[in-house]
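> Numbering (our numbering), first residue to last: 119 to 344. Let me give you the structure first, and then I'll get to my questions.
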């Protein structure tokens with residue numbers, strides 16, 4: 119209890135009730151609430167009747183079977199997260215270094231949470247100063263959803279390190295996180311105290327840290343909002 123549990127596994131990893139998912143996977147038509155003619159009913163039945171799908175062994179983080187959410191399985195980057203990068207052109211010599219910002223989404227979400235709501239609202243000055251990296255966490259969006267993964271905090275951190283920090287050679291960065299992503303943001307700050315310049319946590323998950331972890335100081339600035 120006196121240390122962060124990096125290997126804890128979610129209770130909903132492989133079993134999570136989802137009425138929407140169950141309804142979309144049921145073979146055969148759902149009984150209509152309105153009376154329709156037999157001809158139309160037969161036409162609709164021919165469109166939606168299909169052979170039952172084999173049971174999926176993949177984790178249940180996502181209920182979506184769309185092409186986008188399964189694009190990772192046909193690509194060559196199964197060992198990396200999907201990262202949406204929005205960055206200005208390289209600055210001229212002597213103009214100063216651009217700062218990096220990593221955006222981490224919450225549960226049942228993806229990088230679209232940032233790219234379609236937050237990124238368009240940035241001013242031209244902000245877009246010219248910051249390199250922005252919005253990740254799809256392991257098991258979400260366009261990122262890999264490996265069946266043999268336990269999706270521990272350690273695995274999430276390693277994928278962020280490999281896909282963002284190492285790939286783009288980030289030596290220092292800001293972190294903006296929402297909801298469950300705040301846990302990963304705090305873990306990044308603990309592991310890279312000298313690299314994380316600031317933390318912005320939106321509607322963060324409440325975490326009670328042991329006194330031994332609260333005793334240490336850090337130059338990282340933290341801001342939170344509900």
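Virtual Cβ for every residue (Gly too), placed ideally from N, Cα, C. No experiment lies behind these values; they were computed from the predicted model shown.
Considering only C-alpha positions, which residue in the set 249, 240, 262 is nearest to residue 283?
Here residue 283 is taken as the residue at index 165 of the chain shown, counted from 1. Ranking the options by Cα distance to residue 283, first place goes to 249.
> At the level of alpha carbons, what is the spacing between residue 230 and residue 201?
To locate residue 230, count along the chain shown from 1; it is residue 112. To locate residue 201, count along the chain shown from 1; it is residue 83. One C-alpha to the other measures close to 11 Å.
> Mapping DSSP to helix, strand and coil, what is residue 217?
Indexing the chain shown from 1 puts residue 217 at position 99. In the structure shown, residue 217 sits in a strand (DSSP, three-state: E or B).
> Taking 8 Å as the cut-off, does the segment 235–242 touch the segment 296–303 (at least 3 CB pairs, one atom from each stretch)?
Judged by Cβ distances under 8 Å, the segment 296–303 makes no contact with the segment 235–242, as fewer than three pairs qualify.
> Pull up the distance between the alpha-carbon of residue 291 and that of residue 217, whole angstroms please.
Within the chain shown, the letter at position 173 stands for residue 291. Within the chain shown, the letter at position 99 stands for residue 217. When rounded, the distance between both Cα atoms is 7 Å.
> Closest to residue 262 by CA distance: which of 295, 228, 288, 251 is it?
Along the chain shown, one-based indexing puts residue 262 at 144. Residue 262 has its Cα closest to that of 228, out of 295, 228, 288, 251.
> Taking the alpha carbon of residue 260 as the reference point, which residue from 324, 322, 323, 199 has its own alpha carbon closest?
Mapped onto the chain shown, residue 260 falls at position 142. Ranking the options by Cα distance to residue 260, first place goes to 199.
> Hey, residue 320 and residue 293 are a contact pair by Cβ (cut 8 Å); roughly how many whole angstroms apart?
The residue given as residue 320 occupies position 202 in the chain shown. The residue given as residue 293 occupies position 175 in the chain shown. Not a contact, Cβ separation roughly 11 Å.
> Measure the Cβ-Cβ separation of residue 308 and residue 278 and say whether it is below 8 Å.
Against the chain shown, residue 308 aligns to sequence position 190. Against the chain shown, residue 278 aligns to sequence position 160. In this structure, residue 278 does not lie closer than 8 Å to residue 308 by Cβ.
> Could you compute how far the alpha carbon of residue 205 sits from the alpha carbon of residue 233?
Here residue 205 is taken as the residue at index 87 of the chain shown, counted from 1. Here residue 233 is taken as the residue at index 115 of the chain shown, counted from 1. Each residue's Cα considered, the two are about 13 Å apart.
> Cutting at 8 Å between CB atoms, please list the residues of its own chain near residue 175, excluding the five before and the five after it.
Taking the first residue of the chain shown as 1, we reach residue 175 at position 57. No answer about residue 175 holds up, because its pLDDT of 47 lies below 50 and its placement is not dependable.
> Could you round the C-beta distance between residue 349 and residue 273 to whole angstroms and report it? I think they count as a contact, below 8 Å.
Outside the modelled stretch of the chain, which goes from 119 to 344, sits residue 349, for which no answer is possible.
> How is the beta strand (DSSP E) around residue 289 delimited, first residue to last?
Mapped onto the chain shown, residue 289 falls at position 171. Taken as a continuous stretch (DSSP letters only), residue 289 belongs to no beta strand (DSSP E), as it is neither H nor E.
> So for residue 119, helix, strand or coil by DSSP?
If you number the chain shown from 1, residue 119 lands on position 1. Residue placement at residue 119 is poorly supported in this model, since its pLDDT is 44, which falls under 50; the coordinates still yield a value, given next. Of the three classes helix, strand and coil, the one that applies to residue 119 here is coil, per DSSP.
> Mind checking whether residue 298 and residue 323 have CB atoms under 8 Å apart?
Against the chain shown, residue 298 aligns to sequence position 180. Against the chain shown, residue 323 aligns to sequence position 205. Contact: yes.
> According to the Cβ coordinates, are residue 219 and residue 258 closer than 8 Å?
Numbered from its first residue, the chain shown carries residue 219 at position 101. Numbered from its first residue, the chain shown carries residue 258 at position 140. For residue 219 and residue 258, no; Cβs fall outside 8 Å.
> Would you mind working out which of 207, 203, 210, 255 sits nearest residue 72, comparing C-alpha positions?
With the chain covering only 119 through 344, there is no way to say anything about residue 72.
> Could you pull out every unbroken alpha helix (DSSP H) segment of at least 4 residues lying fully inside the segment 254–290, listed in chain order?
Listed in chain order, the complete alpha helix (DSSP H) runs (minimum 4 residues) inside the segment 254–290 are 271–278.
> State the Cα-Cα distance for the pair residue 197 and residue 269, rounded to the nearest angstrom.
Against the chain shown, residue 197 aligns to sequence position 79. Against the chain shown, residue 269 aligns to sequence position 151. Looking at the two C-alpha atoms, the distance is approximately 14 Å.
> Grab me the residues of residue 312's own chain with a C-beta within less than 7 Å of its C-beta, minus the 5 sequence neighbours each way, in chain order.
One-based indexing of the chain shown puts residue 312 at position 194. Here the set comprises nothing.
> Taking the alpha-carbon positions, what's the residue 221 to residue 214 distance?
Along the chain shown, read from residue 1 onward, the residue named residue 221 stands at position 103. Along the chain shown, read from residue 1 onward, the residue named residue 214 stands at position 96. Residue 221 and residue 214: Cα-Cα distance of roughly 22 Å.
> How would you label residue 314, buried or exposed, when you count the other beta carbons within 10 angstroms and need 16 or more for buried?
The sequence position of residue 314 within the chain shown is 196, counting from 1. Flag for residue 314 reads buried.
> Can you tell me where the alpha helix (DSSP H) holding residue 301 begins and where it ends?
Taking the first residue of the chain shown as position 1, residue 301 is located at position 183. Unbroken alpha helix (DSSP H) run through residue 301: 299–309.
> How would you call residue 244, buried or exposed, if buried means at least 16 neighbouring beta carbons within 10 angstroms?
For the purposes of this step, residue 244 is taken as residue 126 along the chain shown, with counting starting at 1. So residue 244 ends up on the exposed side.
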